[in-house]
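In what follows, a single structure is set out as structure tokens and then discussed.
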Amino acid sequence: RKEVEQDPGPFNVPEGATVAFNCTYSNSASQSFFWYRQDCRKEPKLLMSVYSSGNEDGRFTAQLNRASQYISLLIRDSKLSDSATYLCVVDRSGNTPLVFGKGTRLSVIA
Amino acid sequence: NAGVTQTPKFRVLKTGQSMTLLCAQDMNHEYMYWYRQDPGMGLRLIHYSVGEGTTAKGEVPDGYNVSRLKKQNFLLGLESAAPSQTSVYFCASRRGGGNQPQHFGDGTRLSIL
Chain Y
84 RKEVEQDPGP
94 FNVPEGATVA
104 FNCTYSNSAS
114 QSFFWYRQDC
124 RKEPKLLMSV
134 YSSGNEDGRF
144 TAQLNRASQY
154 ISLLIRDSKL
164 SDSATYLCVV
174 DRSGNTPLVF
184 GKGTRLSVIA
Chain G
93 NAGVTQTPKF
103 RVLKTGQSMT
113 LLCAQDMNHE
123 YMYWYRQDPG
133 MGLRLIHYSV
143 GEGTTAKGEV
153 PDGYNVSRLK
163 KQNFLLGLES
173 AAPSQTSVYF
183 CASRRGGGNQ
193 PQHFGDGTRL
203 SIL
């Protein structure tokens, strides 16, 4: 099983739609979780950290389910500017590098 | 605050040439990383460093060397460039472990002919 798995997509949704991505991770000892956004030919940028109780930032909501070892990202009222690849990121332990998923591609269509 | 700065932004090399990519961060971060990303693929970790004077191999280290002589700088070297090393290279830094996120530079686009 891969350390971090994401549905590669693409998810093609109309403007204003709600879309959700899931990501599963294999290391039950993982403690830190993040969602990054990567635009075409650009560097990944932190979208939000994921906290145990779930957290919201405007139209974006992140959830963590430790029992099933998955995290989710919900985007409400999608905008054309949300079109990007969304990377799920999980830590291992100690000072080992974060593990990046391969990403889920989202296209928001007018 | 510049964050993570990569130099150069673009470079074209001939097979067999050598070059060094520079990554500089001004956030006093302990950890630094070098990744490569090929079209349609995810990030692959080349080498990383958890502190000044330390380096470690990542997922795809062959053909690359690194040095971290100063905390703020992480250098990636290609001793004898090969066409398979044509890629976009991203550097990143992180304050520490735990819930600290990584911050990326804007990439170096390297073509080897």
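Those protein sequences? They're chains Y and G, same order as listed.
Using our numbering, the first residue of the first sequence is number 84, and each one after it goes up by one.
Using our numbering, the first residue of the second sequence is number 93, and each one after it goes up by one.
Idealized CB from N, CA, C, for every residue including glycine.
Item to check | histidine 121(G) - containing beta strand (DSSP E), residue span | outcome: Unbroken run through histidine 121(G): none, as it is neither H nor E.
Item to check | Chain-ordered chain Y contacts of proline 193(G) [CB-CB under 7 Å] | outcome: Phe117, Leu129 and Ser132
Next on the checklist: For a test of the three-state rule: what should DSSP assign to phenylalanine 160(Y), helix, strand or coil?
Outcome noted: Correcting the residue identity first, residue 160(Y) is aspartate in this sequence and not phenylalanine. In the structure shown, aspartate 160(Y) sits in coil (DSSP, three-state: anything other than H, G, I, E or B).
Checklist entry - When burial is assigned at 16 or more other CB atoms within 10 Å of the CB, is valine 182(Y) buried or exposed? => result buried
Item to check | Residues sharing a beta bridge with arginine 187(G), DSSP | outcome: Arginine 187(G) is not bridged to any residue.
Item to check | Proximity test, Cβ basis, 8 Å: glycine 189(G) and chain Y | outcome: yes
Checklist entry - Quick one: what's aspartate 198(G) bridged to in DSSP? => result Note: aspartate 198(G) sits in no beta bridge, so no partner.
Checklist entry - Would you say aspartate 154(G) reaches chain Y, if we count a Cβ-Cβ gap shorter than 8 Å as a contact? => result no
Next on the checklist: Excluding the 5 residues flanking threonine 101(Y) on each side, which residues of the same chain have their C-beta closer than 6 Å to its C-beta?
Outcome noted: Arg159
Item to check | chain G contact residues for glutamate 126(Y), given Cβ-Cβ distances below 7 Å | outcome: Phe182, Phe196, Gly197, Asp198 and Gly199
Checklist entry - Given that leucine 113(G) touches chain Y, what residues does it touch there, using C-beta distances under 7 Å? => result Per Cβ cutoff of 7 Å: no residues; leucine 113(G) is ~14 Å from chain Y at best.
Item to check | Cβ-based contacts, 8 Å cut-off: residues of the region 136 to 163 of chain G near chain Y | outcome: Leu137, Tyr140, Val142 and Gly150
Next on the checklist: Please report whether the beta-carbon of glycine 134(G) lies at a distance below 8 Å from any beta-carbon of chain Y.
Outcome noted: yes
Next on the checklist: Measuring only the C-alpha atoms, how far is arginine 201(G) from leucine 189(Y)?
Outcome noted: 24 Å
Checklist entry - Looking at C-beta atoms only, is the number of pairs between the region 96 to 111 of chain G and the region 154 to 164 of chain G that lie closer than 8 Å three or more? => result no
Next on the checklist: Taking only three categories from DSSP, how would you classify proline 97(Y)?
Outcome noted: strand
Item to check | chain G contact residues for glycine 137(Y), given Cβ-Cβ distances below 7 Å | outcome: By Cβ distance, chain G contributes nothing, its closest Cβ being about 15 Å from glycine 137(Y), past 7 Å.
Checklist entry - Counting contacts by CB-CB distance shorter than 8 Å, is glycine 186(Y) in contact with chain G? => result yes
Item to check | Rounded separation between glycine 141(Y) and leucine 170(G) - CA only | outcome: 43 Å
Checklist entry - How close, in whole Å, do the beta carbons of alanine 157(Y) and threonine 144(Y) come, if the pair is a contact with beta carbons under 8 Å? => result The question names alanine, yet the displayed sequence has leucine at residue 157(Y). Right, their Cβ atoms sit about 4 Å apart.
Checklist entry - threonine 107(Y) lies in the beta strand (DSSP E); which residues open and close that run? => result 102 to 108
Item to check | Coarse secondary structure for serine 110(G), derived from DSSP in three states | outcome: coil
Checklist entry - List, in order along the chain, the chain G residues whose C-beta lies closer than 7 Å to that of leucine 181(Y)? => result Gln194
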